[in-house]
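**Student:** Protein chains in written order, with this note's numbering: chain A, 613 to 925; chain B, 95 to 647. Even glycine gets a Cβ: it sits at the ideal position worked out from N, Cα and C. What follows is a structure written as structure tokens; I'll ask about it next.
The following block contains the structure:
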């Protein structure tokens, strides 16, 4: 197990290097002047001054080397679009907020999606099953910005249950503002989990050992609770890892609509503003999150499914 | 038992969603009016707290680095400029400067002697000398350094690469004594005093900047000298300000607190306002699809703005002036302003917008910009063109509103026999495409210009041969000569005549029509009863918080 983890960690380095190269190449190629924000042209003096300040007047290989160095020393430099703000500070401030949003959305997904999938699997082809699948389809089909706007309209404007926007800033602080955004973001994962759990459980029910257990006379509840549920978890866990990774790296739309100061919004604004430092930092961060999520899942897999352990991975 | 519990859970799910669906079809709740209480010139509220919804995170609160309206408005609340502009006449009124004298190229500001920084230090002329030179310094690389180029030695210092000490000393701003600031300009520039109301001319506290460097604008470090102080700034979340009790004119400032959540999405801003969470928006813009509904509400306000929305021609592609004239004539601007944009904008009859002083003299009332267009004349003219384009590329950036206008114009040009292809681009890429010089594929492009200060030269000088904002490939030496002449003309009326001539070169009967202005901007906004009487947005998009009073019920 230790060797396995070590090997995976070492493999991360070339992956990150590739990510940096691709991001660098893409950002350079889409052009655009990071220093021109409005209709006003930037005077040649200002352009020269800014390029000198941010090392953009150097040849491309030197800039690339500086980026790589920055990534491995965790010093991403100052933001181009927001003068006076350090990218490190910016990420440290905004990333926990996206993490919180993602975690809460994940909680919704588990709280509602998981039981829904279980019920549907226990009563296949019944009215219960059909309704759960129906709502699951809605979750997939309806875009999150529509859900978000409708939620704000009904629960914040018409019935003054929660504020329309905003986000409690401290990592551990929670108030009613977290409800709508996390639900809107969690809708798709909810639908996804419901389907996944249902499908996985139905498949497990077909397995020979389940039939054997019934034949042996075990109580239905014990079969479901002990054998079926646990064994259905494997595909769910496999999906949950990257899903959680995807959720905590921030959702641009939800963060934009609810004015949540997270990195989802920051990433898209960074690209639009051609803020090279921010984009580089966030791309690397996102890649790391995905890599770590996949690694964790692979390790968990080993614990959950003894069969993989036996092959001596 | 277990089954029933599961069933209950599903039932709850269904109930929640059904509840939401049942809410459909109800009528709008005028929550805003209920929350804040209607008033007809009632008493000021006991708690003078004003909540404004900012439309964007200010990239910087350093006067040297700030470029956008949010930063500008926050800075003008935190700081005391030399002069402020009268909201109706846009004339310069004394603020930090008690008085000023203009003598040829020299402007002398006499500062008050009772102004202080929030840490107790007095505000002196030296603060301005330090701040202006800092904004011009190559190390700071300030975007708005060009605002100060009217000062002698400024452009040279800003363009210096190394060993800039001598150039820094040569910049024409000096402190004659603690309270007298003398400025040497490169030419008379009669608008300079009005221009000094812009945030790039604000002073900064030298000791604070030198001690904290880039972090000097953090709430715990910042030192300001204006009517309000920065209480907290949670990036991308909110900016809160409190009244500065030591401000020189504190007795006349009513607001105690300004709370400013930052809400970037237009629809969410409107929803937040209608839920009663904020008292007013900051003029950042309303979602176009909501305008029709919001216009009927009592809390909708509209302010004229100094800005022009125009379509520019690539005169290298569309080189026949008759073709440009015909395309311009074919546009029915009234339809665009009244049916498509619908925010009460005026149809443009020249480049310089209404509201600029001297407008009546300057405006050419161009025969090529009739408000309702003239399709017959346009078709007749088009028939005279040698090699008319049957296909034209119209470029615009992908912000809300532009596509609908482009589609209308596309339809209007179809009647001329022109097939227009509309291409929308993302902002940064769009700007690169436009150059100057613009990409070969560009035939017509959309741009707007918001004036920095209330003088027509700010818009007219865009179209000189070397201007970085001239994307038309149009170059007229006579025009350039007039611009230079105007910059040195001290007499207002004489200057307006020169501006008229410039507009004439572009838009008179025999004009060259390098661009076709469509409309002059407005700022639509939402304000509730409690603040509507005292809150306003100036034509230069500036908000004066010292005048706002929250009315009680």
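(1) Could you spell out the range, first to last residue, of the alpha helix (DSSP H) harbouring residue 229 of chain B?
(2) On the DSSP bridge assignment, give the partners of residue 336 of chain B in chain order.
(3) Taking one C-beta from the stretch 673 to 693 of chain A and one from the stretch 549 to 563 of chain B each time, how about it: are there three or more such pairs within less than 8 Å?
(4) Give me the Cα-Cα distance between residue 285 of chain B and residue 225 of chain B, rounded to the nearest whole angstrom.
(5) Assuming residue 660 of chain B is part of the beta strand (DSSP E), what are its boundary residues?
(6) Nearest by alpha-carbon distance to residue 836 of chain A: which of A:849, A:813, A:850, A:855 is it?
(7) DSSP on residue 192 of chain B, reduced to helix/strand/coil?
(8) With DSSP run on the structure shown, which of helix, strand or coil describes residue 766 of chain A?
(9) Where does residue 200 of chain B land, buried or exposed, given buried means 16+ other C-beta within 10 angstroms?
(10) Which residues in chain A have a C-beta closer than 8 Å to the C-beta of residue 331 of chain B? List them in chain order.
(11) With residue 248 of chain B as the anchor, note down where its beta strand (DSSP E) starts and where it stops.
(12) Measure how close the beta-carbons of residue 370 of chain B and residue 173 of chain B come, nearest whole angstrom, since I'm counting them as under 8 Å.
(13) Residue 737 of chain A versus chain B: which residues are under 7 Å apart at the beta carbon?
(14) Kindly say whether residue 358 of chain B, judged by its beta-carbon, lies nearer than 8 Å to any beta-carbon of chain A.
(15) Once you ignore the five residues that flank residue 631 of chain B on each side, which residues in its own chain have a CB closer than 7 Å to its CB?
(16) Between residue 700 of chain A and chain B, is there a C-beta pair that is closer than 8 Å?
(17) Closest Cβ-Cβ distance between residue 654 of chain A and chain B: below 8 Å?
(18) Does the beta-carbon of residue 36 of chain B have 16 or more other beta-carbons within 10 angstroms, so that it is buried, or is it exposed?
(19) Using 8 Å as the limit for Cβ to Cβ distance, is residue 897 of chain A near chain B?
(20) Return helix, strand or coil for residue 149 of chain B, following the three-state DSSP convention.
(21) What runs of the alpha helix (DSSP H), each 4 residues or longer, lie entirely inside the stretch 584 to 627 of chain B?
(22) Per DSSP, what kind of secondary structure is residue 451 of chain B in: helix, strand or coil?
(23) Taking DSSP as the reference, what is the three-state secondary structure of residue 127 of chain B?
(24) Since residue 516 of chain B is in the beta strand (DSSP E), which residue starts that stretch and which ends it?
(25) Evaluate residue 832 of chain A with the Cβ neighbour count: other Cβ atoms within 10 Å of its Cβ, from every protein chain shown; 16 or more gives buried, anything less gives exposed.
(26) Does the separation of the CB atoms of residue 333 of chain B and residue 143 of chain B fall below 8 Å?
(27) Compare the C-beta of residue 815 of chain A against all C-beta atoms of chain B and say whether one is closer than 8 Å.
(28) Against residue 647 of chain A, what residues of chain B qualify as contacts under a CB-to-CB distance less than 8 Å, listed in chain order?
(29) Classify residue 213 of chain B: buried if its beta carbon has 16 or more other beta carbons within 10 angstroms, exposed otherwise.
(30) So, does the stretch 893 to 903 of chain A touch the stretch 619 to 631 of chain A, judging by three or more C-beta pairs under 8 Å?
(31) Taking residue 463 of chain B as the reference, give the member of B:483, B:514, B:418, B:230 with the closest Cα.
(32) Look at the Cβ atom of residue 800 of chain A, then the Cβ atom of residue 752 of chain A, and state whether they are nearer than 8 Å.
(33) So what does residue 178 of chain B bridge to, in DSSP terms?
(34) Taking Cβ positions only, does residue 543 of chain B come closer than 8 Å to chain A?
(35) With a threshold of 16 other CB atoms inside 10 Å of the CB of residue 802 of chain A, please say whether the residue is buried or exposed.
(36) Compute the beta-carbon to beta-carbon distance between residue 528 of chain B and residue 539 of chain B, rounded to the nearest angstrom, for a pair I have assumed lies under 8 Å.
**Tutor:** On the basis of the supplied data:
(1) Boundaries of the alpha helix (DSSP H) harbouring residue 229 of chain B: 219 to 230, taken from the DSSP string.
(2) Paired residue(s): B:323, B:351.
(3) The stretch 673 to 693 of chain A vs the stretch 549 to 563 of chain B: no contact.
(4) The alpha-carbon of residue 285 of chain B is positioned some 21 Å away from that of residue 225 of chain B.
(5) No statement about residue 660 of chain B is possible, as the shown extent of chain B runs from 95 to 647 and does not include it.
(6) Nearest C-alpha to residue 836 of chain A: A:813.
(7) Residue 192 of chain B falls in the strand class under three-state DSSP.
(8) Helix.
(9) Its Cβ having fewer than 16 others within 10 Å, residue 200 of chain B is exposed.
(10) Here the neighbours are 778, 779, 781, 871, 873.
(11) Where residue 248 of chain B is concerned, there is no enclosing beta strand (DSSP E), although the alpha helix (DSSP H) it sits in stretches over 248 to 252.
(12) Residue 370 of chain B to residue 173 of chain B, Cβ: 31 Å. No contact.
(13) By Cβ distance, chain B contributes nothing, its closest Cβ being about 15 Å from residue 737 of chain A, past 7 Å.
(14) Answer yes: the Cβ-Cβ gap between residue 358 of chain B and chain A drops below 8 Å somewhere.
(15) For residue 631 of chain B, where only same-chain residues beyond five positions count, the Cβ hits under 7 Å are 377, 397, 617, 619, 637.
(16) Chain B contact via Cβ: absent.
(17) Closer than 8 Å: yes.
(18) Outside the modelled stretch of chain B, which goes from 95 to 647, sits residue 36 of chain B, for which no answer is possible.
(19) No, residue 897 of chain A does not count as interfacial toward chain B.
(20) Looking at residue 149 of chain B - three-state DSSP - the assignment turns out to be coil, as it is neither helix nor strand.
(21) As far as the stretch 584 to 627 of chain B is concerned, its whole alpha helix (DSSP H) runs of at least 4 residues are 586 to 601.
(22) Here residue 451 of chain B sits in coil by DSSP.
(23) Low confidence applies to residue 127 of chain B: its pLDDT is 37, below 50, so where it sits in the model is not reliable, and the reading given next is rough at best. Here residue 127 of chain B sits in helix by DSSP.
(24) 513 to 519 is the extent of the beta strand (DSSP E) around residue 516 of chain B.
(25) By the neighbour-count rule (16 or more Cβ atoms within 10 Å), residue 832 of chain A is not buried but exposed.
(26) No, the Cβ-Cβ distance between residue 333 of chain B and residue 143 of chain B is not below 8 Å.
(27) Judged by the 8 Å Cβ criterion, residue 815 of chain A is not in contact with chain B.
(28) What residue 647 of chain A touches in chain B: 237.
(29) Label assigned to residue 213 of chain B: exposed.
(30) As far as the Cβ criterion goes, the stretch 893 to 903 of chain A touches the stretch 619 to 631 of chain A, which means the pair count is three or higher.
(31) Taking the Cα of residue 463 of chain B as reference, the smallest distance to any Cα among B:483, B:514, B:418, B:230 is reached at B:418.
(32) Between residue 800 of chain A and residue 752 of chain A, the gap from beta carbon to beta carbon is short of 8 Å.
(33) BP columns for residue 178 of chain B point to B:187.
(34) Output row for residue 543 of chain B: interface = yes.
(35) The residue in question, residue 802 of chain A, is buried, as its Cβ has 16 or more Cβ neighbours within 10 Å.
(36) Contact flag correct, Cβ pair sits at about 6 Å.
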